[in-house]
Structure formats: C-alpha cells, structure tokens
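Numbering (our numbering), first residue to last: 3 to 192.
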C-alpha cells in the first residue's frame, strides 16, 4: 500500500490535494497520513515513513506558503508533480451560533490571508488566531479546545466531518481562489 503524508488534518485542503494526486498518478491502493506541517511531511519522506508527500506552496490570494519554503530549505526531495486545486473558504461555527456573537476567528495563516477583506469588514475588532491547519481548527472547535464562541475558517467538508454549521460560504476575497500544491518523493541522490 502506498503511504501518502500530507500537510494538514482530516478534512484539510491538503487531503483534497492528495485525492487529486492519486487520481492523476492512477494510484489505487493508498493510505493518507495526516502530518499537519510541511516539515512533518518532508521529514517523513526523507526518512521513508511515507512514499509521497503533499503540501501547499502558494495561494493566488495569500501568496507563498512560508512554512513550506522554510521546510524545503531543511530537506532534500524530488518533486513529482505540481498542480492547483480550487479553495473555498467558509465560516464555520458550532450549531446555533450567530455572527454577532463570534468572539474570535481561528484558522491557518494562509486562510486568514485569503479572507482578509471579509475579516476586516466583519470582524475588525475580534482577535484572529493562527492555527496549524484549517481542519485542525475545526476539530479543536468541535472538541471544545477553543472557545465555543469562536468561528473557524475551513472547508465545507470540515463542516460535515466535524459537525459544524456553515454560517457563511465562500468568504475568500479572490473569486478564483487556487492553491498550488506539490507532491514529492525521496530524492534519488543524497
């Protein structure tokens, strides 16, 4: 079975990217390991804990994913494929939460950047709290690890996966919000 390590948790955009990668590469028998960070992915690839790694490199709105660039400086790998997936950011909350009662917004730094205008317009006085991953933020809200009054920016899949309500859809500023993902494998020469 092919092991694929991704930057993100279950429900993340990286998981969507992994599914596109296996389709592109015609891989049938695979398992996904949720490694959360780009560094975790690169480390797992270099140490042969996974066969392939997938992580985000750049978003059309949010720019270069600095975490990925920093991780690439520390490890050696071979790029297998580069591809884009559409990103649709949504405001997720616990059931029954109203927009005026949201006390703070949690998400990955990139998601916060992608929704900057929306956040300024709607939550200019509320704290924006950076999390490791959009899906991790959703999971933490469900598990009560962040305040019940928090809002989370994440995918539609996260809403169904973690039992959250989509309060507002497609809150990203750029209409055609694409993210460039790369898939990697262990370098042949070290």
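Backbone N, C-alpha and C fix where the C-beta goes; we use that ideal spot for every residue, glycine too.
| query | result |
| --- | --- |
| Continuous alpha helix (DSSP H) stretch holding residue 120: start and end | 118 to 125 |
| Residue span of the alpha helix (DSSP H) that contains residue 27, given as start and end | 15 to 27 |
| Inter-stretch contact (C-beta, 8 Å, three-pair minimum) for the segment 6 to 22 and the segment 46 to 62 | yes |
| Close-in-space but distant-in-sequence residues of the same chain around residue 108 (CB under 6 Å, 5 per side omitted) | 131, 133, 139, 148, 152, 154 |
| Sub-8 Å separation of residue 137 and residue 42 beta-carbons | no |
| Counted within 10 angstroms of its Cβ, other Cβ atoms place residue 101 as buried (16 or more) or exposed | exposed |
| Buried or exposed by the 16-neighbour rule on C-beta atoms within 10 Å, applied to residue 75 | exposed |
| Exposure of residue 184, with buried meaning 16 or more beta-carbon neighbours within 10 Å | buried |
| Beta-carbon contacts of residue 33 that lie in its chain and below 6 Å, excluding the five residues immediately before and after | 3, 5 |
| Per-residue burial, residue 162 [other beta carbons within 10 Å of its own, 16 or more giving buried] | exposed |
| Those residues which DSSP pairs with residue 130 across a bridge | 107 |
| Selection from 22, 16, 69 that minimises the alpha carbon distance to residue 35 | 16 |
| Through-space distance from residue 179 to residue 72, alpha-carbon basis | 23 Å |
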